[in-house]
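Read through the structure below, which is laid out as structure tokens, and then see the notes.
Numbering (my numbering), first residue to last: 8 to 273.
Pasting the structure below:
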């Protein structure tokens, strides 16, 4: 296992490091900024980029969008931390609704990149005992979901309430046979509540003292409410499935009874 894993792991790490330094160089050359590592740096960079998008040329606007999207996609593709800082910046620069939709799209698109990275390098990783155990649990949950609500609703539930880490879902999905389309859509919708909370906090970025100030009681309540509303189709789908299954069974029984009656009459 390790002989097959190490070359792919080294390739994965090498690709991540090279692309990271390319992003740093692009950010510095095009926008004269460094990648943010703290809330203070986020405030400073967000103010600068906000000025560029509002008062600069259309080329400045496109450049800012391109650089931010590239950083966001890299962070998602390689499952690195930092999305909260990028969400804060997007919230201050673009407003609540556009920023929520944009960051959710980037989260989903970046997760698809992670999906294909996992497909290319992750086969030996699946043999690691802990990952194999977690993947088997996910496979059992997915198979149960297929017979009740469907794979999409199971994926959405997994995104809204991540009992397994995002990176593991991204890595394991191609080996679980999950199609890209429901994977993308469930990530897009499932990441919205969290992105919404961060984006809303980004609109008052100057008042935040630390990232812990983001999850206030009111914002946590909104996050919980949105997540619970998103689960309504899951439970509704289960009841519908049970109802339709009962109707089909009743129809089959009626058909068998009619056939038996016809045989007796003959």
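The C-beta atom is built at its ideal place from N, Cα and C for all residues, glycine as well.
In this text the structure is predicted, and so the values were computed from the model without any measurement.
Here the alpha carbon of residue 56 sits roughly 12 Å from the alpha carbon of residue 98.
Counting C-beta pairs closer than 8 Å gives fewer than three between the region 138-154 and the region 79-93, which falls short of the contact rule. Annotation note: the region 43-88 contains the following uninterrupted alpha helix (DSSP H) runs of length 4 or greater, listed N- to C-terminal: 46-62 and 65-84. Per the coordinates, the alpha-carbon of residue 77 lies some 13 Å from the alpha-carbon of residue 87. A direct Cα-Cα distance of roughly 15 Å separates residue 28 from residue 75.
About 6 Å separates the beta carbon of residue 193 from that of residue 159, a gap short enough to meet the 8 Å contact definition. Cβ-Cβ separation between residue 42 and residue 34: approximately 6 Å, consistent with a contact (criterion under 8 Å). Under the three-state reduction of DSSP, residue 130 is assigned to coil, being neither helix nor strand. In the three-state scheme derived from DSSP, where H, G and I count as helix and E and B as strand, residue 210 is classed as coil. Taking a C-beta distance under 7 Å as the contact criterion, residue 142 and residue 179 qualify as a contact pair.
In summary, residue 102 is exposed, with fewer than 16 beta-carbon neighbours lying within 10 Å of its beta-carbon over all protein chains present. The beta carbons of residue 131 and residue 11 sit closer together than 7 Å. Within the region 140-195, the alpha helix (DSSP H) runs of at least 4 residues that lie entirely inside it are, in chain order, 158-167 and 173-179.
Taking a contact as a CB-CB distance under 8 Å, the pair residue 21 and residue 128 does not count as one, their CB atoms being some 11 Å apart.
Take residue 110, set aside five residues on each side of it, and the residues of its chain with a beta-carbon closer than 6 Å to its own are 94, 97 and 202, in chain order. In the structure shown, residue 24 adopts helical secondary structure according to DSSP, grouped into three states. Counting the other Cβ atoms within 10 Å of the Cβ of residue 176 gives 16 or more, which makes it buried.
Taking 7 Å as the cut-off, the beta carbon of residue 125 is found closer than this to the beta carbon of residue 181. DSSP places residue 31 within a helical segment (H, G or I) once states are collapsed to three. By the Cβ-count criterion, residue 17 is exposed, with fewer than 16 other Cβ atoms from all chains shown falling within 10 Å of its own Cβ. For residue 121, the CB contacts under 8 Å within the same chain, skipping 5 residues up- and downstream, are 83, 84, 85, 86, 174, 177 and 178 in chain order. Between the C-alpha atoms of residue 187 and residue 139 there is a straight-line separation of about 21 Å.
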